[in-house]
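Numbering (my numbering), first residue to last: 3 to 308.
Quick reminder that beta carbons are idealized off the backbone N, C-alpha and C, glycines included.
The structure presented is a predicted model; accordingly, all values stated were derived computationally and were not measured.
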RNA sequence: AGGCCCGUGGUGAAAUGGUAUCAUCGAGGUCUCCAAAACCUUUGUUUAUGGUUCGAAUCCAUACGGGCCUG
């Protein structure tokens with residue numbers, strides 16, 4: 003049994019609620035693929051509004067002053083998926099972090115195994131873009147000219163590419179062969195935006211600002227966790243609680259959420275889901291269940307290329 | 001009603017009479033260790049009608065819209 007159900011979708015599409023229902027129906031266990039819900043204590047802003055009686059794996063893994071990466075996620079998630087499958091249950095991966103999902107769908111890519119070189123990053127970080135371009139061009143002339151217009155101007159991506167090029171490690175892929183069913187939720191932008199705006203108001207009311215103040219007792223704005231939507235926008239307001247700054251912060255937060263939803267949509271489109279459901283229409287529950295059941299019961303032992 | 005200001009993309013601003021620019025929103029995209037990150041591309045503008053001028057967002061007139069002051 004190597005079946006794994008994937009539920010993706012931009013923010014505010016109700017992925018978790020659907021996952022909980024499907025977990026009951028198929029006797030599954032939920033695994034989060036969310037790069038922000040891994041932070042402990044960041045609950046309201048990242049939307050950890052999960053039902054208490056349903057356990058969710060891979061949330062609350064680290065403190066806001068620690069950093070985490072896809073490479074780590076990939077290793078932990080693959081291991082966990084296998085464990086759940088051995089227990090005879092269906093792993094249901096739920097999340098909106100496209101890169102995390104992609105690391106499970108395409109595990110054969112090897113560069114994740116090349117570890118970060120913090121000294122190198124420290125040296126390269128302050129350098130201007132054109133120097134980074136020059137360095138990478140010297141290291142790998144052909145690859146440099148194959149870069150697209152977006153990547154060639156992206157310092158982070160250039161630094162990572164230089165790091166890989168200079169690494170002495172031998173790249174090794176993660177071993178994982180799985181049968182995924184990728185269900186993706188979506189909706190028109192205007193529909194998502196109004197849901198987001200409503201949710202923003204609710205999160206403020208449920209005490210987001212108190213959560214931020216509480217976090218700041220132990221952590222700082224420089225910590226990676228606090229550089230997150232729903233938190234970073236309040237930096238200036240927290241240091242100077244002026245009502246006009248609050249309104250500004252909330253507006254920017256809303257726009258950041260809209261922007262996020264759009265980027266998530268483009269990323270998830272690229273992953274070509276097996277089934278995409280528009281949540282602005284009513285959910286076709288019966289046909290959805292039968293579709294998943296069909297996949298779940300189908301045996302791939304012979305006759306398919308895998 | 002009179003007087004004085006002001007009208008530039010959806011929003012906020014810039015432009016000695018000389019190619020209307022920038023930010024933001026909006027839209028599309030890139031992607032295998034910051035990914036809720038970082039980066040790229042892009043639609044859209046001088047309130048209207050006249051006038052002066054080789055040339056008007058800019059100067060003038062009128063209308064319309066807004067603000068402030070006075071009654």
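**Asked** In its own chain, which residues sit with a C-beta less than 7 Å from the C-beta of residue 53, not counting the 5 before and 5 after it?
**Response** On the first chain, residue 53 is found 51 positions in, with the first residue counted as 1. Counting only Cβ-Cβ distances below 7 Å, and skipping sequence neighbours, we find 22.
**Asked** Quick one: Cα of residue 141 to Cα of residue 290, how far?
**Response** The residue labelled residue 141 in the question sits at position 139 within the first chain. The residue labelled residue 290 in the question sits at position 288 within the first chain. Straight across, the Cα-Cα distance linking residue 141 with residue 290 is about 50 Å.
**Message:** As an exercise, report each continuous beta strand (DSSP E) stretch of at least 3 residues that is fully enclosed by the region 149-192, in chain order.
**Reply:** Assignment of beta strand (DSSP E) within the region 149-192, counting only whole runs of 3 or more residues, yields 181-188 in chain order.
**Asked** In whole angstroms, what separates the C-alpha of residue 282 from that of residue 196?
**Response** Residue mapping note: residue 282 aligns to position 280 of the first chain, counting from 1. Residue mapping note: residue 196 aligns to position 194 of the first chain, counting from 1. If you take the alpha carbons of residue 282 and residue 196, they lie about 11 Å apart.
**Asked** Does the beta-carbon distance from residue 40 to residue 94 come in below 8 Å?
**Response** By 1-based counting over the first chain, the position of residue 40 is 38. By 1-based counting over the first chain, the position of residue 94 is 92. No, the Cβ-Cβ distance between residue 40 and residue 94 is not below 8 Å.
**Prompt:** Helix, strand or coil: which one does DSSP assign to residue 6?
**Reply:** By one-based count along the first chain, residue 6 stands at place 4. Looking at residue 6 - three-state DSSP - the assignment turns out to be strand.
**Item:** Cutoff 8 Å; reference residue 305; Cβ partners in own chain excluding five residues on either side
**Value:** For this step, residue 305 is matched to residue 303 along the first chain. Model confidence at residue 305 stands at a pLDDT of 40, short of 50, so the residue's coordinates are unreliable and nothing is read from them.
**Item:** Continuous alpha helix (DSSP H) stretch holding residue 288: start and end
**Value:** Here residue 288 is taken as the residue at index 286 of the first chain, counted from 1. Unbroken alpha helix (DSSP H) run through residue 288: 287-299.
**Request:** May I ask which residues mark the beginning and end of the beta strand (DSSP E) holding residue 30?
**Result:** On the first chain, residue 30 is found 28 positions in, with the first residue counted as 1. Segment 30-34, the beta strand (DSSP E) holding residue 30.
**Request:** Could you tell me if residue 194 is buried or exposed, where buried requires 16 or more neighbouring beta carbons within 10 angstroms of its beta carbon?
**Result:** What you label residue 194 is simply residue 192 of the first chain in a count that begins at 1. Answer is buried; the Cβ neighbour count reaches 16.
**Simplified DSSP state of residue 78, which is helix, strand or coil** = As a position in the first chain, residue 78 is number 76, starting the count at 1. Look at residue 78 here: in three-state DSSP terms it is helix.
**Message:** Going by DSSP in three states, residue 52 sits in which element: helix, strand or coil?
**Reply:** Residue 52 sits at position 50 when you count from the first residue of the first chain. Per DSSP, reduced to three states, the secondary structure at residue 52 is coil, with no helix or strand assignment.
**Request:** Confirm, please, whether the CB-CB distance from residue 78 to residue 31 is below 8 Å.
**Result:** As a first step, residue 31 is located in the first chain; it is residue number 29 there, counting from the start. As a first step, residue 78 is located in the first chain; it is residue number 76 there, counting from the start. Not a contact, by the Cβ cut-off of 8 Å.
**Request:** Evaluate contact between the region 66-73 and the region 142-151, counting only Cβ atoms and requiring at least three cross-stretch pairs below 8 Å.
**Result:** By the Cβ criterion, the region 66-73 is not in contact with the region 142-151, since fewer than three pairs of Cβ atoms, one from each stretch, lie closer than 8 Å.
**Asked** From this set, 293, 274, 262, which residue's C-alpha is nearest residue 14's C-alpha?
**Response** In the first chain, the residue the question calls residue 14 occupies position 12. It is 262 whose Cα lies nearest to the Cα of residue 14.
**Request:** Could you name the residues that DSSP lists as bridge partners for residue 58?
**Result:** To locate residue 58, count along the first chain from 1; it is residue 56. Beta-bridge analysis with DSSP links residue 58 to 32.
**Asked** Straight-line CA distance for residue 111 to residue 190?
**Response** Reading the first chain from its first residue, position 109 is the one you call residue 111. Reading the first chain from its first residue, position 188 is the one you call residue 190. Each residue's CA atom was taken as its position, placing residue 111 and residue 190 some 32 Å apart.
**Prompt:** Can you list, in chain order, the stretches of the alpha helix (DSSP H) that have 4 or more residues and sit fully within the region 89-144?
**Reply:** Counting only runs of 4+ residues, the alpha helix (DSSP H) found wholly inside the region 89-144 occupies 100-107, 120-126, 131-141, in chain order.
**Prompt:** Is there contact between the region 42-52 and the region 120-139, where contact requires at least three CB pairs shorter than 8 Å?
**Reply:** Here the region 42-52 makes no contact with the region 120-139; the two share fewer than three CB pairs at distances below 8 Å.
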